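Novice:
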Amino acid sequence: MKSTPVGWLFGIATLAASALLFAVQPMIGKMLLPHFGGTPGVWNTCMVFFQAMLLAGYAYAHLTTSRLGFRGQAVVHGTLAAAALLVLPIVVPVDRLPSDFGALGPAPRLFGLLVAAAGAPFFLIAATAPLLQRWFTLSGDRRAHDPYFLYAASNTGNLLALAAYPLFIEPLSTLGWQSRAWAWGFAVSAVLTISCAVVVWARSPRVETPPVDPVEDSDRVGWATLFDWIVLAAIPSSWLLAVTTYATTDLASMPLLWTIPLGVYLATYILAFGASGTRWKRGAEAVFPWLAAILALVLSAGFVNAYWVPLHALAFFAGALLCHQRLAESRPPAGRLTLFYLAIALGGVLGSLFNAIVAPLLFDRMIEYPLAVFLTCLAAFREPGLWAAGFRRIARELIAPAAVFGLMLILIAGRNVSDSPVGVLALMLASGLGVLVVWKTRGRPLRFALTIGAVLLAGGVAPEPGGEVIHRSRNFFGTLRVLYDRRAEVYRLIHGSTLHGQQSLESSRRAEPSTYFTRSGPIGGLFESLDPALRRAGSRVAIVGLGTGTLACYAQPGQSWTFYEIDDAVVRIAEDSRYFSYLADARKRGATVEIVEGDARLRLGAAPDGGYRLIVLDAFSSDAVPVHLLSREAIALYRRKLAPGGVLAFNLSNRYLDLDPLMDRQARDAGLVCRIRYDVDVSPEEKQAGKLPSIWAVMADRDADLPGLVDAPPWQLPRHRPGSIAWTDDYSNLGSYLVFRSRWARDRAR
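If you read the sequence shown in this note's numbering, its first letter stands for residue 2, the second for the next number, and so on.
#1: Looking at the C-beta of I726, does it have a partner C-beta in chain E at a distance below 8 angstroms?
#2: Do T551 and S515 have their beta-carbon atoms positioned less than 8 angstroms apart in this structure?
#3: In whole angstroms, give me the CA-to-CA distance for N476 and D142.
#4: Hey, could you find the ends of the beta strand (DSSP E) A650 is sitting in?
#5: Run through the segment 246–331 for me and flag every whole alpha helix (DSSP H) of 4 or more residues, listed as ranges in chain order.
#6: Could you tell me if G526 is buried or exposed, where buried requires 16 or more neighbouring beta carbons within 10 angstroms of its beta carbon?
#7: Extract the residue ranges of the alpha helix (DSSP H) inside the segment 338–393, only unbroken runs of 4 or more that lie entirely within it.
#8: May I ask you to report which of helix, strand or coil DSSP gives W44?
#9: Specify the secondary structure class of W178 as computed by DSSP and reduced to three states.
#10: Cβ atoms of L56 and V244: under 8 angstroms apart, would you say?
#11: If we ignore side chains and look at the alpha-carbon of each, how far apart do Y492 and Y583 end up?
#12: Over the uninterrupted alpha helix (DSSP H) stretch that includes L163, give me the two end residues.
#13: Whose CA, out of A85, Y61, T15, G120, lies closest to the CA of Q26?
#14: How many angstroms separate the CA atom of R177 from the CA atom of E634?
#15: Using only the alpha-carbon positions, how far apart do L10 and L193 sit?
#16: I need the DSSP call for F564, collapsed to helix, strand or coil.
#17: What residue range does the alpha helix (DSSP H) around R573 cover?
#18: With DSSP collapsed to three states, give me the class of R493.
#19: Look at the Cβ atom of R135, then the Cβ atom of T80, and state whether they are nearer than 8 angstroms.
#20: For L125, I'd like the list of residues in its chain whose CB is within less than 8 angstroms of its CB, leaving aside the five on either flank, ordered along the chain.
#21: Among the residues of its own chain, which have a CB less than 8 angstroms from the CB of Y247, if the five just before and after it don't count?
#22: The beta strand (DSSP E) spanning G502 covers which residue range?
#23: Identify whether T1 lies in helix, strand or coil by the three-state DSSP scheme.
#24: Could you tell me how far apart the beta carbons of I170 and I91 are, in whole angstroms, since I believe they sit closer than 8 angstroms?
#25: Using CA atoms only, rank isn't needed, just tell me which of L300, A360, D702 is closest to V374.
#26: In the DSSP assignment, what residue or residues form a beta bridge with G548?
#27: In the structure shown, what three-state DSSP assignment does R536 receive?
#28: With H, G and I counted as helix, E and B as strand and the rest as coil, what does DSSP make of G479?
#29: Can you tell me the Cα-Cα spacing of E507 and E490, whole angstroms?
#30: Below 8 angstroms on the Cβ atoms is my guess for L615 versus A592; work out the distance and round it to an integer in Å.
#31: Work out the CA separation of L111 and G348 for me, nearest whole Å.
#32: Bridge partners of S582, per DSSP?
#33: With DSSP as the reference, label I726 as helix, strand or coil.
#34: With H, G and I counted as helix, E and B as strand and the rest as coil, what does DSSP make of I231?
#35: Whole angstroms is fine: what's the gap from A293's alpha carbon to A450's?
#36: On a Cα-Cα basis, can you pick out the residue from P715, G736, H63, A637 that is closest to A668?
Here's what the structure looks like:
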C-alpha cells in the first residue's frame, strides 16, 4: 500500500528515534568497556540496562495509553522530552569510577552508572517508537488499522545506527563529538515526535480514546498468549548475549564485533514483521535443522576458531527469525499494540538478565549458549496435538535422544587421555553420530529438539581438550580454568580460550618463565639488558596484568614488584601454590611482591611519581585490549610514574590485532623512542619446553635508556603508518588494527 504524507512523517520520526536508541548503545559501551576490563560481561550488563530501559519505556507507553488518553499522553511526553534536554549531552564520569568493585563485582556499579548517565534520555527514546505507533492508529490514515509497518521502520533505524557506528562514526569522531551530536539528534527527534502529536491532535480534536480497533472481549489477551510472547522474545535475547560472549571471547572487545550479533538480531525482527516474513520463515525452517545439527557438533566437540563465527551467526539468524516470526504471526489488533510490545520487552529483559546476572552465579562454565540453542529448537517448531497424545507417545519421543546421549557417553568415556588424537577422534565420531540422528529426526520437532539437547549435554560432560580441569571459576570477567596436561607435566591457566600462563611441574623447570616470557624471548632480553639498573637497592617494577605471575621469575632479592590486576579470581589462582608458585618463589628469594586489585590505570595513578624503573603492560596478551591503557593520557601517566631513565614494555602478542603501528604513533605523540621485537619463529624444542611466539615493544625517553636493545638485530623500529591518529581517552579506532589471518604467519615473513 502506497504511503501517505502522514505515514512518511511517522515513519521518519520512528526511524530517527530508533536510530538514536541504538547509536547510543555502542557509544556508551565504548565509554565504559575499557574501564571495566573490556570483557563480554561489560557488554552483557550494558544490554541488561538497555533492555530494562526499553521495558520501562514500553510500560510507560502502555500505562499512559490506558490511563491518560491521547492528549494527556502527548502533553506528558512532550514535557518530559523537553526536560531530558537539560541532562544532555551524555557524559560518563569515568574519573569517579571506583578503583575496586567490592564483593558484588562491577555489575551493580556499572548498572548504576548507566542509569545516572543515560537513564532519562534513553527511557524517553525507548518509549517514542511504541507511542508513535499507537498515535498513528488515531491519525485517520488509511493504514491506521495496521501500524506494524512502523515496527519494521523502527528496527531498520536500529540496524542503520549499528552499522554506521563502527564503519563511520567511531573512526571519524571523538566520543565528545558523538555525545554532542546525539544530543542534537535527540532534539530533532523530539521535534518530529511533537509534530506527529500535532497532526493527530488536529485530525481528531475531540478524541480521547482510540477510534480505531476498539478492544473487544474477543481481542482480550489470555495468559497463555502473554506467556508465549514473553518466551519467544526471551530465547533469542538470551542467544544474542550467548553468541556475543562466545565470539568476543576469542576476538577483540570492540564495537565492530559487539554490534554484529545485535545487528543480526534486529534484522530478524525486520524480516519477521516485514511484508515478506512468511517467505523468510519458510527458508529458515528449511535451513535451521541443518545449521542446528552442525552447530551442535561444533559445540559438543569443542571447536573454537574464528572460522566458525559465520556458522554461529547463521544459526542464530535462522533460530531468532523463527521465534520472531511466531511473534509476528500472533500479533494482536492495534488496540493491544502497547501490551504486545511490553511483553516483548519483558522477554528481552528476562533473557538478558539470565545471561548477564543469573548464569555467572549458577554455572561455572558457559551453559547458556547450548541451552539457548536447545530452547530455540523447542520453541521454533510446533507439533500440534503432541501433548494431548498421551504419555506413551511422549515417551517414544525420548528414545532417540536417550540413545544418542548414552552412545556419546560410551565413546567419550573410552578416552584415556582427554587430548589424545584417539580421544579427539572419539569425540568427533560421537558428535557426528549424534548429529546424524538429529538430522533423521528433523521432521519430529520434539524429538529433534531433545536429540539436539542430548548431543549438547553429552559434549558438555566430556573431558576438556588440553588436559584435566582441576579448577574452574566464573565471574563478571569471564571463565577461568586451571588445566593439568599430563603429557607435558604442566599446569595452565586458561581464560575462555586464551592461555594466561603455565608452570612446569618438573623441579628443574619449575622456576623457569615460559609462554610469552621466556629468557630467550624479548622480555628475557629486556630484563638482561636492564639487569645492572634493576639490581640497585630498592629498585621497583610494576606489572599491569597478573596471569599466573610468570614474570615474577625475574624478581631478584631486594627488589619491589607490584602487580596490578582487575580480576580477583585471577589473584586467588596466582596466589594458590597448589597451582602456581611463581609469586611464592619470588618472595622466598627475598623480593617484595605486592598485588593491587582494581583497574590498573586508576590504581597506578595513586602510586608515587618517579618510583618505577620498569613498567610492563601485560594486559594485551588476552584478545580483549583495554584501550584506555594505550591512550595518550595513559602513557603520560606511566611517564610520571617512571624513574628517570625508566622503561615501558608492552606485550603485544595477540592473534587478531596488529598493534605495532599504533606503538609507533603513540611513541611519536609522546616524544618517546620505541623498539619492537618479533619472536615468532619458535622451534619444536622450544615449543616443547613451553615457549610461545610473542611480540614486545619498549619505549623510553632516549636510546641510551635501552642499553643493548637499540642496535641489537632482533629489535627494530616499529612500522610507521602515515596518516594514523594518536589514541586519546576521547578517540580510538581498534578496528583499523584488526587483521583476519594468522599474525604469526604474517610476522614470520618479515
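All C-beta atoms in this analysis are idealised placements derived from N, C-alpha and C, irrespective of residue type, glycine included.
No experiment lies behind these values; they were computed from the predicted model shown.
Specialist: Taking the coordinates as given:
#1: Included in the structure is just one protein chain, with no chain E present.
#2: The Cβ atoms of S515 and T551 sit closer than 8 angstroms to each other.
#3: N476 and D142: Cα-Cα distance of roughly 52 angstroms.
#4: According to the DSSP assignment, A650 belongs to the beta strand (DSSP E) that extends over 643–652.
#5: Fully enclosed alpha helix (DSSP H) runs of 4 or longer: 256–273, 278–302, 310–330.
#6: Burial state of G526 is buried, judged by a 10 Å Cβ sphere holding 16 or more other Cβ atoms.
#7: The alpha helix (DSSP H) runs of length 4 or more contained entirely in the segment 338–393 are, from start to end of the chain, 338–354, 360–363, 369–381.
#8: Three-state result, W44: helix.
#9: Residue state, collapsed to three classes: helix.
#10: No, the pair does not count as a contact, with Cβ atoms beyond the cut-off.
#11: Annotation: Y492 to Y583 spans about 12 angstroms, alpha carbon to alpha carbon.
#12: From DSSP, the alpha helix (DSSP H) with L163 extends over 150–165.
#13: Closest in alpha carbon position to Q26, among A85, Y61, T15, G120, is G120.
#14: Checking the sequence shown, residue 177 turns out to be Gly, not Arg. Cα-Cα distance, rounded: 16 angstroms.
#15: Going from the Cα of L10 to the Cα of L193 covers about 8 angstroms.
#16: Looking at F564 - three-state DSSP - the assignment turns out to be strand.
#17: In the DSSP assignment, R573 falls within the alpha helix (DSSP H) that extends over 569–576.
#18: In the structure shown, R493 sits in a strand (DSSP, three-state: E or B).
#19: No; because the gap between Cβ atoms is not below 8 angstroms, this pair is not in contact.
#20: If we look at L125 and ignore the five residues flanking it on each side, its Cβ neighbours are G58, H78, L81, A82, A85.
#21: Residues of the same chain with a CB within less than 8 angstroms of the CB of Y247, apart from the 5 flanking positions on each side, are H313, M367, Y370 in chain order.
#22: From DSSP, the beta strand (DSSP E) with G502 extends over 499–505.
#23: Nothing about residue 1 can be reported from this structure: the residues present for the chain run from 2 to 751 only.
#24: About 14 angstroms separates the two Cβ atoms, so there is no contact after all.
#25: Looking at the Cα atoms, L300 is the closest of the given residues.
#26: Looking at the DSSP assignment, G548 forms no beta bridge with any residue, so it has no partner.
#27: It is coil, neither helix nor strand.
#28: Residue state, collapsed to three classes: strand.
#29: Take the alpha-carbon of E507 and the one of E490: they are about 7 angstroms apart.
#30: Incorrect: roughly 14 angstroms between the Cβ atoms, too far for contact.
#31: Distance between the alpha carbons of G348 and L111: 22 angstroms.
#32: The beta-bridge partner set that DSSP reports for S582 is empty.
#33: Note: I726 maps to coil in three-state DSSP.
#34: DSSP places I231 in helix when its eight states are reduced to three.
#35: Each residue's alpha carbon lies about 9 angstroms from the other.
#36: Out of P715, G736, H63, A637, A637 has the C-alpha closest to the C-alpha of A668.
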